[in-house]
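Novice: First, the structure itself, so that you have it in front of you.
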Amino acid sequence: MKWKKYLLPASIEEALEMLAEYQGQARVIAGGTDLIPQLKKRERKVECLVDISRLDELKGIELQGDVIRVGAGVTHQHLSSSDLIREKAAALAEGASAVGSPQIRYMGTVGGNIVNAQPAADTAIPLTALDAQAEIVGSQGTRLELLESLYVRPGESTVNASAEILVALRFRALDGNEGSSFGRLAKRRALSLPILNAAVVTTLNGDGTAFEDVRLALGPVALTPFRARKAEEALRGKAVEGEAVERALEVAAQEAQPRSNPLRASREYREEMVKVLLRRALERAVRAAEG
């Protein structure tokens, strides 16, 4: 577990310089709720930790035009209690409130939750449904990347935490005819891996009777956070209640293809629960969109 240096940069620029100095042997740390256990188990080895938790430029939640920008250093507690997030991206507030335990939510950050790259991370699933982008800074400058494209496999993302920093997440604030919701199924309410989690974002037509657009995200049903795109297509233009919804839920269960897992549940059970979780989340998202 031991590292030789623990550094506290005063800015993002200084943090990048520190990372560059160690040429791949340093790693950024913020809340540490994922990284420290990994170091204890010797799953990762580093010579230096660069602590970015005190950088104010990573801690804001702000509305920029019609886009919400969430700093990567924002804690799950801050995210779940933000009035802006609750109003304009309720699924994200709900997902953040489901992370770990109160202690973890006060320490863990949304950026760490993303870079740790787990396919059922409780903030990653709603951010996937919100079509979020990641703002990443490195020696070559800043780049914007679709959140979905960051994920390679469980525990591995395209963000090189030894050379670059995820600084923010960006997504469009939901409008008056839009709603979102998050659902989670687990063996207990805290400190429990989800059997499944799901997030839904809906846009209704003018009279609120049909789906103009739908985004459905699920985890852990694949190696990365999963968009049920065939089910989304099956819902577009269809009534918010009725047979079309039931058919789309069947499609979602089939395309998700969750596997049996001794820590979670059987494939058959999880397939059925995909439909249940999505139905509940759809109903809540529709009610939110109706105002």
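Take 1147 as the starting number for the sequence shown in the working numbering and just add one per residue. We put the CB at the ideal spot given by N, CA and C, even for glycine.
#1: Answer yes if the region 1241-1254 comes into contact with the region 1291-1304, meaning at least three C-beta pairs across the two stretches below 8 Å, and no otherwise.
#2: May I ask you to verify whether the region 1408-1419 touches the region 1373-1380, counting CB pairs closer than 8 Å and requiring at least 3?
#3: Is it true that the CB of Ala1176 sits closer than 7 Å to the CB of Arg1258?
#4: Three or more C-beta pairs closer than 8 Å, one from the region 1239-1249 and one from the region 1257-1272: is that the case here?
#5: Between Gln1223, Gly1217, Ser1226, which lies nearest to Glu1281 when the distance is taken from Cα to Cα?
#6: Near Ala1307, which residues of its chain fall below 7 Å by C-beta distance, leaving aside the five closest residues on each side in sequence?
#7: Please give the ranges of any beta strand (DSSP E) in the region 1262-1331, keeping only runs that are unbroken, at least 3 residues long and fully inside the region.
#8: Which complete beta strand (DSSP E) runs does the region 1150-1201 hold, if anything under 3 residues is left out?
#9: Between which two residues does the alpha helix (DSSP H) containing Val1216 stretch?
#10: How many angstroms separate the CA atom of Glu1324 from the CA atom of Glu1387?
#11: Over what stretch of residues does the alpha helix (DSSP H) that includes Arg1375 continue unbroken?
#12: Can you give the beta carbon distance from Gly1329 to Ala1427, rounded, assuming they're within the 8 Å contact cut?
#13: Rounded to whole angstroms, what's the CA-CA distance from Val1432 to Glu1392? Just pull it up for me.
#14: The alpha helix (DSSP H) spanning Leu1428 covers which residue range?
#15: Please state the DSSP three-state secondary structure of Arg1223.
#16: Please state whether DSSP places Ala1368 in a helix, a strand or coil.
#17: In chain order, what residues of the same chain have a beta carbon less than 6 Å from the beta carbon of Leu1181, not counting five sequence neighbours either side?
#18: Looking at the unbroken alpha helix (DSSP H) that takes in Pro1248, where does it start and where does it end?
#19: Looking at Leu1320: is its Cβ nearer than 7 Å to the Cβ of Lys1234?
#20: Which class does Arg1393 belong to by DSSP, given the choice of helix, strand or coil?
#21: For Lys1384, I'd like the list of residues in its chain whose CB is within less than 8 Å of its CB, leaving aside the five on either flank, ordered along the chain.
#22: Mind checking Pro1265: buried by the 16 CB within 10 Å criterion, or exposed?
#23: What does the Cβ neighbour count give for Gly1219, buried or exposed, with the cut at 16 atoms within 10 Å?
#24: Suppose contacts are defined by Cβ-Cβ distances below 7 Å. Is Ile1326 in contact with Ala1332 by that definition?
Specialist: Working from what's here:
#1: Too few Cβ pairs lie closer than 8 Å, so no.
#2: Remark: fewer than three beta-carbon pairs, one from each stretch, lie closer than 8 Å, so the region 1408-1419 and the region 1373-1380 are not flagged as touching.
#3: For the record, residue 1258 in the displayed sequence is Gly; it is not Arg. The answer is yes: Cβ separation under 7 Å.
#4: yes
#5: Gly1217
#6: Arg1173, Val1174, Val1261
#7: 1279-1284, 1287-1292, 1297-1299, 1311-1318
#8: 1151-1153, 1172-1175, 1194-1197
#9: Run containing Val1216: none in the alpha helix (DSSP H); it sits in the beta strand (DSSP E), 1213-1217.
#10: C-alpha separation (whole angstroms): 16 Å.
#11: For Arg1375, the enclosing alpha helix (DSSP H) stretches over residues 1375-1381.
#12: 5 Å
#13: 15 Å
#14: 1413-1436
#15: Reading the sequence as shown, one finds Gln at residue 1223 and not Arg. If DSSP states are grouped into helix, strand and coil, Gln1223 belongs with the helices.
#16: coil
#17: Ile1175
#18: 1248-1253
#19: A contact, by the Cβ cut-off of 7 Å.
#20: helix
#21: Ala1356, Phe1357, Ala1390, Val1391, Ala1394
#22: buried
#23: So Gly1219 ends up on the buried side.
#24: A small fix is needed here, since residue 1326 is Ser in this sequence, not Ile. The answer is no: Cβ separation not under 7 Å.
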